[in-house]
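Worksheet: the structure to be examined is printed underneath.
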Amino acid sequence: MRLDDHIRHCLLLPFDKGHKTNDSKEQGKVMNGKKVLVIGGGGREHALCWKLAQSPCVDTIFASPGNGGTYITRRTSNVIVNLKSHPVSSPFTPSYTAFFHSVMNLKYCLPNHSLLSFALVVKASGLAGGKGVIVAEEKEGACKAVDDITQEFGDAGRVIIIEECLEGQEVSVMAFSDGKELKMMPGVGDHKRLCDGDKGPNTGGMGAYCPSPFLTPEILRRIHHEILEKTILALQDEGIPF
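Below you can see the structure in the form of structure tokens.
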């Protein structure tokens with residue numbers, strides 16, 4: 001099956017704020033503006049499509065692979081939005097694992113958790129949809145986490161990382177780089193735990209907020225100079241600039 005045929009059968013029925021039509025050429029058109037492709041088929045993607053449909057900048061919304069009740073016509077997209085780690089890791093990001101990242105941290109003295117300490121964080125080295133991290137308060141829980149990860153996550157769980165459990169506010173800071181220069185994005189806070197009060201297992205994300213109020217200018221400066229810049233230099237030194 002050709003790629004365009006695959007997409008045609010997988011993309012979701014667009015959000016049209018009450019406008020209904022049987023014309024396949026018109027379905028998905030909500031306003032004058034951009035065509036947006038959202039990659040995924042879960043609740044986060046549904047919420048994002050719902051919000052995008054409210055934008056005056058958006059004309060047409062598609063989603064791939066979508067889910068039951070999805071629909072698409074053969075059209076190109078001006079903007080592609082991805083919320084899944086696997087699609088973006090293949091064409092756009094380096095393929096190194098969390099294990100490689102930990103080795104790099106040690107070799108180049110980059111800030112990182114201690115690798116052995118209780119309470120422990122047990123991680124799948126590969127991508128596991130945001131669910132490959134388990135916090136274990138005791139040795140028995142850590143051993144069970146190792147068994148669960150190796151059984152549930154396939155290749156992503158072939159190598160396991162055991163790190164120190166750090167208390168505090170979680171903030172994610174990403175950056176774009178051409179291998180030399182860096183441009184940081186705003187810091188994002190992610191609610192990962194399943195239940196209220198930061199309880200329960202980690203999920204792919206129960207919600208996020210941006211910008212994070214916990215990132216002071218001094219912390220951002222340290223992230224830029226002590227982590228991101230050093231990482232870029234380390235990759236250059238390893239002969240794998242990115």
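Just so you know, we're using UniProt numbering here: the sequence shown kicks off at 1 and counts up by one.
Yeah, the Cβ is synthetic: ideal placement off N, Cα and C, and Gly gets one too.
For this session: Determine the extent of the beta strand (DSSP E) in which K183 is found, giving its start and end residues.
Result: The residue labelled residue 183 in the question sits at position 183 within the sequence shown. K183 -> beta strand (DSSP E) spans L182 to M184.
Exercise. Excluding the five sequence neighbours on either side, which residues of its own chain have a C-beta within less than 8 angstroms of the C-beta of M185, listed in chain order?
Worked result: As a first step, residue 185 is located in the sequence shown; it is residue number 185 there, counting from the start. Closer than 8 angstroms at the Cβ level, and outside the excluded window around M185, lie V173, M174, A175 and F176.
For this session: Within the same chain, show all residues whose beta-carbon is closer than 8 angstroms to that of E229, passing over the 5 residues directly before and after it, in chain order.
Result: In the sequence shown, counting from the first residue as 1, residue 229 sits at position 229. Only L182 meet the Cβ criterion.
Exercise. First and last residue of the alpha helix (DSSP H) that includes C143?
Worked result: Stepping through the sequence shown from its first residue, residue 143 is reached at position 143. Looking at the DSSP string, the run of the alpha helix (DSSP H) that includes C143 is K139 to E152.
Exercise. Of the choices L83, V188 and K139, whose alpha-carbon is the least far from that of G41?
Worked result: As a first step, residue 41 must be located in the sequence shown, where it is residue number 41. G41 has its Cα closest to that of L83, out of L83, V188 and K139.
Exercise. At which residues does the beta strand (DSSP E) containing P201 begin and terminate?
Worked result: Taking the sequence shown and counting its residues from 1, one reaches residue 201 at position 201. Taken as a continuous stretch (DSSP letters only), the beta strand (DSSP E) holding P201 covers K199 to N202.
Problem set entry | Of the listed residues K35, E170, I39 and E137, nearest to K192 (C-alpha basis) | As a position in the sequence shown, residue 192 is number 192, starting the count at 1. Closest by alpha carbon: E170.
Exercise. From this set, D198, Q151, D178 and V36, which residue's C-alpha is nearest G168's C-alpha?
Worked result: The residue you call residue 168 lines up with position 168 of the sequence shown. When each option's Cα is compared against that of G168, the closest is D198.
Exercise. Which term fits C210, buried or exposed, when burial requires 16 or more other beta carbons within 10 angstroms of its beta carbon?
Worked result: Taking the first residue of the sequence shown as position 1, residue 210 is located at position 210. Exposed, because fewer than 16 other Cβ atoms sit within 10 Å of the Cβ of C210.
Problem set entry | Given I162 as reference, the closest of P65, F62, K51 and V133 once Cα atoms are compared | Here residue 162 is taken as the residue at index 162 of the sequence shown, counted from 1. Among P65, F62, K51 and V133, the Cα nearest to that of I162 is on V133.
Exercise. Of the choices M206, C195, A234 and S212, whose alpha-carbon is the least far from that of G187?
Worked result: The sequence position of residue 187 within the sequence shown is 187, counting from 1. Among M206, C195, A234 and S212, the Cα nearest to that of G187 is on S212.
For this session: With a 10 Å radius around its C-beta and 16 neighbouring C-beta atoms as the bar for buried, classify F214 as buried or exposed.
Result: Here residue 214 is taken as the residue at index 214 of the sequence shown, counted from 1. Exposed.
Exercise. Quick one: Cα of R158 to Cα of P56, how far?
Worked result: The count along the sequence shown starts at 1 and reaches residue 158 at position 158. The count along the sequence shown starts at 1 and reaches residue 56 at position 56. Roughly 46 angstroms between the two C-alpha positions.
Exercise. Applying the criterion that 16 or more other CB atoms from any shown protein chain within 10 Å of the CB defines a buried residue, is D190 buried or exposed?
Worked result: Against the sequence shown, residue 190 aligns to sequence position 190. Buried: at least 16 other Cβ atoms inside 10 Å.
For this session: Counting only the same chain and skipping the five closest in sequence on each side, list residues whose C-beta sits under 6 angstroms from that of M206.
Result: Against the sequence shown, residue 206 aligns to sequence position 206. H191, listed in sequence order.
For this session: Give the range of the alpha helix (DSSP H) segment to which R193 is assigned.
Result: Residue 193 sits at position 193 when you count from the first residue of the sequence shown. Here R193 belongs to no alpha helix (DSSP H); instead the beta strand (DSSP E) covers R193 to C195.
Exercise. Who are the Cβ neighbours of V122 in its own chain at under 7 angstroms, not counting the five residues just before and after it?
Worked result: Here residue 122 is taken as the residue at index 122 of the sequence shown, counted from 1. Cβ within range, chain order: I134, A136, A142, A145, V146, I149, I160 and I162.
Exercise. What's the call for E45, buried or exposed, on a 16-neighbour Cβ count within 10 Å?
Worked result: Here residue 45 corresponds to residue number 45 of the sequence shown, with the count starting at 1. By the 10 Å Cβ count, E45 comes out buried.
For this session: Would you mind reading off the limits of the alpha helix (DSSP H) that contains L235?
Result: On the sequence shown, residue 235 is found 235 positions in, with the first residue counted as 1. Where L235 is concerned, the enclosing alpha helix (DSSP H) stretches over E229 to D237.
For this session: Give every residue of the same chain whose Cβ lies closer than 7 angstroms to the Cβ of I223, excluding the five residues on either side of it in the sequence, and list them in chain order.
Result: Taking the first residue of the sequence shown as 1, we reach residue 223 at position 223. For I223, where only same-chain residues beyond five positions count, the Cβ hits under 7 angstroms are V173.
Exercise. What are the partner residues of A63, as DSSP defines its beta bridges?
Worked result: Your numbering for residue 63 matches position 63 in the sequence shown. V38.
For this session: Drop a sphere of 10 angstroms on the beta-carbon of residue 243, count the other beta-carbons inside from all chains shown, and report buried for 16 or more, exposed for fewer.
Result: A question about residue 243 goes unanswered here, because the residues of the chain that appear run from 1 up to 242.
For this session: Go ahead and pull the three-state DSSP assignment for G168.
Result: Taking the first residue of the sequence shown as 1, we reach residue 168 at position 168. Residue state, collapsed to three classes: coil.
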